[in-house]
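Peer 1: Here the sequence shown is numbered in our numbering, starting from 403 and rising by one per residue. C-beta: ideal position from N, C-alpha, C; glycine also.
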Amino acid sequence: MEIEKIAILDCGGQYTKVIDRKVREMSVKSDIFPIGVKADELKGYQGIILSGGPGSVWADKALEYDEGIFTLGIPVLGICYGMQLINKHFGGVVLPGLKTEYGETVIDVDPGCPLFDGLQSKERVLMSHGDSVSQLAPGFKVAARSGDVVAAIYHQELKVYGVQFHPEVDLTVHGKEIMANFLKKICGFSGNYVLEDRIQTAIDKIREKVGDEKILVLVSGGVDSAVSAALLVKALNPDNVYAIHIDHGFMRKNESDIVCENLKAMGLKNLIREDAADIFLNSTVEIDGKKVGPLTTLIDPEAKRNLIGEVFIRVVRKTAERLNLDFDKTFWAQGTLRPDLIESGNPDVSSYAHKIKTHHNDVDIVRRAREKGLVVETNWDWHKDEVRQVARALGIDESIASRQPFPGPGLAIRMICFDGHNSITEAEYQEFQDCLARFAGDYQGQLLPIKSVGVQGDCRSYRYLSVIGGKGLELDWDQVYEIGKNLPNQVNFINRVAYCLNKPELSGEIKAYPMYINKENVALLRELDAIVVDKLNIPPISQVFAVLLPVGITGKYSVGIRTFVTNDFMTGRPGYIGEDIPKELLVEVIREIEAKFPEIDLILYDVTSKPPATVEWQ
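(1) Taking the DSSP output, what are the residues bridged to residue 555?
(2) How many whole angstroms separate the CB atoms of residue 856 and residue 1000, which I take to be in contact at a CB cut-off of 8 Å?
(3) Check the DSSP bridge columns for residue 1079 and list the partner residues they point to.
(4) Assuming residue 529 is part of the beta strand (DSSP E), what are its boundary residues?
(5) Give the straight-line distance between the Cα atoms of residue 914 and residue 958, rounded to the nearest whole angstrom.
(6) Just verifying my parser: in three-state terms, what is the DSSP assignment at residue 967?
(7) Could you say if the stretch 416 to 433 and the stretch 561 to 575 meet the contact criterion of at least three C-beta pairs nearer than 8 Å?
(8) Return the residue from the list 954, 939, 970 and 1004 that minimises the CA-CA distance to residue 977.
(9) Of the residues 484, 647 and 826, which one's Cα is nearest the Cα of residue 662?
(10) When every heavy atom of the ligand ZN is checked, does at least one fall within less than 7 Å of the C-beta of residue 483?
(11) Taking 6 Å as the limit between beta carbons, can you name the residues of its chain near residue 383, skipping five residues before and five after?
(12) Let me know the secondary structure DSSP gives residue 845 once reduced to three states.
(13) Terminal residues of the continuous alpha helix (DSSP H) containing residue 577?
(14) Name the residue from 566, 834, 516 and 988 whose alpha carbon lies nearest to the alpha carbon of residue 549.
(15) Report the option in 706, 861, 843 and 633 whose CA atom is closest to the CA atom of residue 814.
(16) Taking contact to mean at least 3 C-beta pairs separated by less than 8 Å, is the stretch 860 to 878 in contact with the stretch 905 to 921?
(17) Would the beta-carbon of residue 494 fall within 8 Å of that of residue 560?
(18) May I have the straight-line CA-CA distance separating residue 833 from residue 616, to the nearest angstrom?
(19) So, at 6 Å on beta carbons, what are the nonlocal neighbours of residue 460 in its own chain, with the 5 sequence-adjacent residues on each side left out?
(20) Tell me whether residue 469 is buried or exposed, calling it buried when 16 or more other Cβ atoms sit within 10 Å of its Cβ.
(21) Quick one: is residue 910 buried, meaning 16 or more other Cβ sit within 10 Å of its Cβ, or exposed?
(22) How should residue 650 be labelled, buried or exposed, when 16 other C-beta atoms within 10 angstroms of its C-beta is the threshold for buried?
(23) Please list the terminal residues of the continuous alpha helix (DSSP H) segment that includes residue 940.
(24) With distances taken between CB atoms, is the gap from residue 782 to residue 721 smaller than 8 Å?
(25) Give the single residue among 556, 886 and 715 whose Cα lies nearest to the Cα of residue 621.
(26) In or out: residue 831 buried (at least 16 other Cβ within 10 Å) or exposed?
(27) Who are residue 686's beta bridge partners in DSSP?
(28) With distances taken between CB atoms, is the gap from residue 1021 to residue 521 smaller than 8 Å?
(29) Kindly indicate which residue of 961, 654, 530 and 986 has the alpha-carbon position closest to the one of residue 503.
(30) List the whole-angstrom C-beta distance separating residue 384 from residue 535, where the pair is believed to meet the contact cut-off of C-beta under 8 Å.
(31) CB-CB under 8 Å to residue 674, same chain, minus the five flanking residues each way: which ones, in chain order?
(32) Give me the DSSP bridge partner(s) of residue 599.
(33) Does the Cβ-Cβ distance between residue 944 and residue 968 come in under 8 Å?
(34) Whose C-beta lies closer than 7 Å to the C-beta of residue 865 among residues of the same chain, with five residues either side of it excluded?
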């Protein structure tokens, strides 16, 4: 039986691969092409999806595309930028800045449109855009609105549809149904693509590339690298697979011990553990011709990520030499996921995507090795939930298959370093307070000079943290989450909002103090993180961790608590107190932190979704 397939045309969106994931979730094969692909190359496909992207269709250097894609006679769905491209192509007008929307939004839909068949008249969706349709293309109809913003359009005779929101992500409540309507009812897919096809494809590619050669596999202990190692052992002679676990000093409490025990249980014959904490703290590297480091002096999160990634490969190189392997000629594998590369702005994955944050598995030294053909990335085309499915299909223990994600740089990027420079202007502070007063009622708020990483309109943002409080734990959590959603949409220098849990009033000024990475601060964060994870790592929480912050009213340190609920890890929301997390557990966390760590002043709960914030703060 011939496998059905759809073409996804990449416009540089952070969620392009999420579209791919959602399509495969419905057992339809998808192939990703750049938006400039020639229409002739798409013959044999039964549908086309145009992704979102960071650009503007009205810009002088807007993305070029083959107009012939609209004359192939197959259904087309445009998402976000893709919808705007459709509207402009067929004679409509798109303008910038009419209304920005970042986060969950309720839209009014026309259930009579085939795309929304079976849905309600109001739907909760994820918006992430700065441009909007101002004039509809001739022959098209409006299928949904967000207030005065056009949220969906369609031309039923042409079988061309567009949505301003993102149906591919979990934050669009009925996004799966919308995608199913397009794939099955409009395109006519039956769904004949299965998981086993993907596993066998990965094994075949490994054998073709590596053959009888030796290979190093870099294992953190997470599900991504564990699956990579398991696939290598399945595809190759196990004697030729060397698994290396590097403890850089930023692991969670007792995590390296647990990781190595789990990896041994997988049957890896050659497992090497390297303890390299001092090397990572004290090393310098050269990036773009400039000396960077040591880590104990760095503030910028990108500098921290790049340094750790470069030093990581240095340590691997020395390990390879001890094993009598020529690192410059030896294959090595890592559990890279495609979303990692999209966030890193990797041109091999997308020519148009903006860099949100550099992943340690995509620093310059890794890219150079890829160019030589030495890097094997078995999970390149998969998402986190798909990797978990593969892990279970391969018989990997559930303790690994369901293990919570942990970033490559570890606790180093969960410590928000600060050099003491306060860059908030009086005008910015007043704008923040004015906005807060309009919709936050009697909640208090302060704007802090420390910054975190976010993603807004498919672009990286590096903006201030705002803290709200005033009611302790006796509050309307729904209102707090609304504040977390509205503040970044209305104040363009904010991308993250946190609520103060342990102070009934924010009665003093929250000040920021200089803080850098050192062994003492890492040890403090490790213990705080252990408390938070131990108490709050419960279903449906997908990820939970602590962040060390250089701020306080009566002290110099505070802790941020990040909980995240998601399936795709490209979008998601904070855990809802009283719904996802029992309030009593949060009380236990607060009491234990206050009892054990008197140096911690504020306990802050991150109430921001992704977007506009990222999962990690840095």
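Peer 2: Walking through what the data contain:
(1) Residue 555 is bridged by DSSP to 544 and 564.
(2) Going by Cβ atoms, the distance from residue 856 to residue 1000 rounds to 32 Å, so no, they are not a contact pair.
(3) The requested residue 1079 is not part of the displayed model; the chain covers only 403 to 1020.
(4) That run of the beta strand (DSSP E) goes 524 to 537.
(5) Going from the Cα of residue 914 to the Cα of residue 958 covers about 7 Å.
(6) DSSP places residue 967 in strand when its eight states are reduced to three.
(7) As far as the Cβ criterion goes, the stretch 416 to 433 touches the stretch 561 to 575, which means the pair count is three or higher.
(8) Answer by Cα proximity: 939.
(9) Measuring C-alpha to C-alpha distances from residue 662 to each of 484, 647 and 826 identifies 647 as the nearest.
(10) This structure lacks the ligand ZN, and indeed carries no ligand of any kind.
(11) The requested residue 383 is not part of the displayed model; the chain covers only 403 to 1020.
(12) Correct three-state label for residue 845: coil.
(13) Looking at the DSSP string, the run of the alpha helix (DSSP H) that includes residue 577 is 577 to 582.
(14) Answer by Cα proximity: 566.
(15) Put simply, of 706, 861, 843 and 633 the residue whose alpha carbon is nearest the alpha carbon of residue 814 is 706.
(16) Using a Cβ-Cβ distance cut-off of 8 Å, the stretch 860 to 878 and the stretch 905 to 921 are in contact, since at least three pairs of beta carbons, one from each stretch, lie closer than that value.
(17) Against a cut-off of 8 Å, the Cβ pair of residue 560 and residue 494 comes out as no contact.
(18) Between the alpha carbons of residue 833 and residue 616 lies a distance of about 60 Å.
(19) Cβ neighbours of residue 460 beyond the five flanking positions: 496.
(20) It is exposed - the Cβ of residue 469 has fewer than 16 other Cβ atoms within 10 Å.
(21) Residue 910 is exposed by the Cβ-count criterion.
(22) With at least 16 other beta carbons inside 10 angstroms of its own, residue 650 counts as buried.
(23) Unbroken run through residue 940: none, as it is neither H nor E.
(24) No, Cβ-Cβ distance for residue 782 and residue 721 is not below 8 Å.
(25) Residue 621 has its Cα closest to that of 715, out of 556, 886 and 715.
(26) Exposed, because fewer than 16 other Cβ atoms sit within 10 Å of the Cβ of residue 831.
(27) None, per the DSSP bridge assignment.
(28) Any answer about residue 1021 is impossible in this case: the structure gives the chain only from 403 up to 1020.
(29) Considering only alpha carbons, the answer is 530.
(30) Past the edges of the chain, shown from 403 to 1020, lies residue 384, and the structure says nothing about it.
(31) Here the set comprises 644, 645, 646, 647, 721 and 725.
(32) Partner(s): none; residue 599 has no beta bridge.
(33) Yes, the Cβ-Cβ distance between residue 944 and residue 968 is below 8 Å.
(34) Cβ neighbours of residue 865 within its own chain (closer than 7 Å, five residues either side excluded): 853, 856, 895, 896 and 897.
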